[in-house]
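Undergrad:
There are 2 protein chains.
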Amino acid sequence: MTKILQRNLYREVADRIGDLIEHGELLPGERISEKQLCDRFGVSRTPLREALKVLATEGLIELLPNRGARVVRLTLKNVKDTYDLMAALEGLSGELACQYISDAEIAGIRHLHDTMLEHYRNRDLMPYFQVNRQIHESILAASNNDVLQEMYSNLSQRIKRVRYSKKMTERYWSQAVKDHENMMAALEKRDSQLLGQILRDHLCNKIEVATLAGVIDTEDDKSVANS
Amino acid sequence: MTKILQRNLYREVADRIGDLIEHGELLPGERISEKQLCDRFGVSRTPLREALKVLATEGLIELLPNRGARVVRLTLKNVKDTYDLMAALEGLSGELACQYISDAEIAGIRHLHDTMLEHYRNRDLMPYFQVNRQIHESILAASNNDVLQEMYSNLSQRIKRVRYSKKMTERYWSQAVKDHENMMAALEKRDSQLLGQILRDHLCNKIEVATLAGVIDTEDDKSVANS
DNA sequence: AAAAGTAATTATGAATTCAATATTCCTTTG
DNA sequence: CAAAGGAATATTGAATTCATAATTACTTTT
Numbered sequence: 001m002t003k004i005l006q007r008n009l010y011r012e013v014a015d016r017i018g019d020l021i022e023h024g025e026l027l028p029g030e031r032i033s034e035k036q037l038c039d040r041f042g043v044s045r046t047p048l049r050e051a052l053k054v055l056a057t058e059g060l061i062e063l064l065p066n067r068g069a070r071v072v073r074l075t076l077k078n079v080k081d082t083y084d085l086m087a088a089l090e091g092l093s094g095e096l097a098c099q100y101i102s103d104a105e106i107a108g109i110r111h112l113h114d115t116m117l118e119h120y121r122n123r124d125l126m127p128y129f130q131v132n133r134q135i136h137e138s139i140l141a142a143s144n145n146d147v148l149q150e151m152y153s154n155l156s157q158r159i160k161r162v163r164y165s166k167k168m169t170e171r172y173w174s175q176a177v178k179d180h181e182n183m184m185a186a187l188e189k190r191d192s193q194l195l196g197q198i199l200r201d202h203l204c205n206k207i208e209v210a211t212l213a214g215v216i217d218t219e220d221d222k223s224v225a226n227s
Numbered sequence: 228m229t230k231i232l233q234r235n236l237y238r239e240v241a242d243r244i245g246d247l248i249e250h251g252e253l254l255p256g257e258r259i260s261e262k263q264l265c266d267r268f269g270v271s272r273t274p275l276r277e278a279l280k281v282l283a284t285e286g287l288i289e290l291l292p293n294r295g296a297r298v299v300r301l302t303l304k305n306v307k308d309t310y311d312l313m314a315a316l317e318g319l320s321g322e323l324a325c326q327y328i329s330d331a332e333i334a335g336i337r338h339l340h341d342t343m344l345e346h347y348r349n350r351d352l353m354p355y356f357q358v359n360r361q362i363h364e365s366i367l368a369a370s371n372n373d374v375l376q377e378m379y380s381n382l383s384q385r386i387k388r389v390r391y392s393k394k395m396t397e398r399y400w401s402q403a404v405k406d407h408e409n410m411m412a413a414l415e416k417r418d419s420q421l422l423g424q425i426l427r428d429h430l431c432n433k434i435e436v437a438t439l440a441g442v443i444d445t446e447d448d449k450s451v452a453n454s
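Sequence order for the protein chains is A and B. If you read the first sequence in our numbering, its first letter stands for residue 1, the second for the next number, and so on. If you read the second sequence in our numbering, its first letter stands for residue 228, the second for the next number, and so on.
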């Protein structure tokens, strides 16, 4: 059932440019020079330009006619909009998961959940986040909706580079854990409406938005004055 | 506030290929010949291939390495998945719209609603659908979430070509109209939770899926046997 | 010296060319 | 006569080339 991954050069290049953006080697608002990237990757302009077009449709860069491309500058509103959307998608994933998930899968998620609680008790932030993500991904996978998963991963991609801000107040954290307790209960009862509701309201997302205000691109970084 | 629409050649070509797919001039599973389309549009292969890459990202075609491209074959599950997702997005659009919508905008939608009822009373199916769509689009626009709107229109694009099936049983139709009455009421009260719920459950979508079974691409049309 | 205008340079947009892979058609063999 | 093998053809993948628009550097003028 493993998908045949087609390795076109353009896709390879697009992924690597995506990495550069994610890791901050290409900065928001920064002009992307074709020649520079061609030299860097050792490819000609043809596949590189194809990659840029794809990245533009994926929402990571924007194309300025006759003036090249630049990394999309994420505004606070933009990120907030994206999180709202992702919350809705998570809600749907929960509803659908309840319909399709197997006992074994639930058991797997229960295990992740318990592991996460352990990390919470030890206040191990990074492992907590990692398992947390695995839980959400497991539910998404159990949703049995390919289109949903595709969309979610696209949105996730877009905001990856600002998602590192992992500050977490005790108050928010304990609430997030409570949410997860409720999620787990709803999932084990296969209560699709309830799980959907919890996931839509799960404030994990809102927390991040709240803590993001300082991280988001300001208006005056690498941008060139445009007419 | 009107966006400067960039008119790259590749984007133009992508749109026109999209039209060909929508109108059934390129059939699902059909092999897309680059040369043929180049001649048709009078462009070279460079912008055409860029267009194909973009269309693949948008989910309208699929690229087979070294074997060209072909129109995505929509399965019933695929369409169902897409509708589920769109319903979730509509729900979100309703929730958000309640927060941001102005009295004037509500009045506008009320007017559309009354017009739609008139078409329903006269059993004018096409005008009914048209105004119906306008209502949903107005709510979406009032959501004030650009990312949401972008995603929705992409999904909409994908299934456009099977969305023509406009059969409608009396029973379903009257239920859809009732849904709309409730929507209108929720919107005028700005009850975001309620409107969200109604839109998620609005069976307009499910109707179409139900009537689609016969329209969807079968497994044996234009496809070439692949190893 | 600052601003405006113009030439030179550079970067992008698109077509063409070259290389590699797949497909077709024909021949050969069991 | 069917199936397998191989040459010829066509198609795709990627680099190069040509054309056009934008940017920069320089000159001129006030």
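Think of the CB as a built atom: it goes at the ideal place given N, C-alpha and C, for glycine as much as any other residue. Keep in mind the model is a prediction, meaning the values are calculated, not measured.
At which residues does the alpha helix (DSSP H) containing residue 286/B begin and terminate?
TA: It is not in any alpha helix (DSSP H) - residue 286/B carries neither H nor E in the DSSP assignment.
Undergrad: Under a three-way DSSP split, which group does residue 415/B fall into?
TA: If DSSP states are grouped into helix, strand and coil, residue 415/B belongs with the helices.
Undergrad: Among the residues of its own chain, which have a CB less than 8 Å from the CB of residue 115/A, if the five just before and after it don't count?
TA: Cβ neighbours of residue 115/A beyond the five flanking positions: 131.
Undergrad: Here's a check: name, in chain order, each residue in its chain whose Cβ is nearer than 6 Å to the Cβ of residue 181/B, leaving out the five neighbours to either side.
TA: Given a span of 228 to 454 for chain B in the structure shown, any question on residue 181/B remains unanswerable.
Undergrad: Taking Cβ to Cβ, would you say residue 237/B is nearer than 9 Å to residue 53/A?
TA: The answer is yes: Cβ separation under 9 Å.
Undergrad: Can you list, in chain order, the residues of its chain with a C-beta nearer than 6 Å to that of residue 243/B? Leave out the 5 residues immediately preceding and following it.
TA: Counting only Cβ-Cβ distances below 6 Å, and skipping sequence neighbours, we find nothing.
Undergrad: Go to residue 295/B, then tell me how far its beta strand (DSSP E) extends in each direction, as first and last residue.
TA: Element bounds for residue 295/B: 295 to 298.
Undergrad: For residue 334/B, count neighbouring Cβ atoms within 10 angstroms of its own Cβ and tell me buried if that reaches 16, exposed if not.
TA: When all chains shown are included, residue 334/B counts as exposed.
Undergrad: How is residue 31/A classed by DSSP in three states: helix, strand or coil?
TA: Residue state, collapsed to three classes: strand.
Undergrad: With 16 as the cutoff for other CB atoms within 10 Å, does residue 423/B come out buried or exposed?
TA: Counting Cβ neighbours within 10 Å, residue 423/B comes out buried, since at least 16 surround it.
Undergrad: DSSP on residue 64/A, reduced to helix/strand/coil?
TA: In the structure shown, residue 64/A sits in coil (DSSP, three-state: anything other than H, G, I, E or B).
Undergrad: Please list the partners that residue 49/A has in chain B, where partner means a Cβ-to-Cβ separation under 8 Å.
TA: In chain order: 277.
Undergrad: Do residue 375/B and residue 414/B have their CB atoms nearer than 9 Å?
TA: It is not a contact, given that the beta carbons lie outside the stated cut-off.
Undergrad: Between residue 78/A and chain B, is there a C-beta pair that is closer than 9 Å?
TA: Yes - at least one Cβ of chain B is within 9 Å of the one on residue 78/A.
Undergrad: Taking C-beta pairs closer than 8 Å, name the residues in chain A that residue 323/B reaches, listed in chain order.
TA: Those are 84, listed as they occur along chain A.
Undergrad: Between which two residues does the alpha helix (DSSP H) holding residue 158/A run?
TA: From DSSP, the alpha helix (DSSP H) with residue 158/A extends over 146 to 159.
Undergrad: Closer than 9 Å, CB to CB, is residue 281/B near chain A or not?
TA: By this cut-off, residue 281/B is an interface position.
Undergrad: Closest by CA to residue 86/A, which one among 7/A, 8/A, 155/A?
TA: Taking only the C-alpha atoms, the option nearest residue 86/A is 155/A.
Undergrad: Residue 200/A to residue 260/B, Cα distance in whole Å?
TA: Taking the straight line from one Cα to the other gives about 44 Å.
Undergrad: Report back the beta-carbon spacing between residue 410/B and residue 386/B to the nearest angstrom; my notes put them in contact at under 8 Å.
TA: Residue 410/B to residue 386/B, Cβ: 22 Å. No contact.
Undergrad: Express the C-alpha separation of residue 37/A and residue 326/B in angstroms, rounding to a whole number.
TA: One C-alpha to the other measures close to 44 Å.
Undergrad: Let me know the secondary structure DSSP gives residue 359/B once reduced to three states.
TA: Helix.
Undergrad: Just the chain A side, please: which residues come within less than 8 Å of residue 372/B by C-beta, in chain order?
TA: What residue 372/B touches in chain A: 81, 84, 85.
Undergrad: Please confirm if residue 88/A has its CB atom under 9 Å from at least one CB of chain B.
TA: Closer than 9 Å: yes.
Undergrad: My output table needs one value for residue 422/B: the three-state DSSP class, helix, strand or coil.
TA: Three-state DSSP puts residue 422/B in a helix.
Undergrad: Contact between the region 136 to 152 of chain A and the region 90 to 97 of chain A is defined here as three or more beta-carbon pairs at a separation below 8 Å; is this criterion met?
TA: Touching, yes.
Undergrad: Can you name the residues of chain A whose CB is closer than 7 Å to the CB of residue 284/B?
TA: Here the neighbours are 54, 57, 58.
Undergrad: When the distance is taken between beta carbons, is residue 117/A closer than 9 Å to residue 177/A?
TA: Yes, they are a contact pair.
Undergrad: Can you check which of these residues, 419/B, 396/B, 363/B, 379/B, is closest to residue 407/B by C-alpha distance?
TA: Closest by alpha carbon: 363/B.
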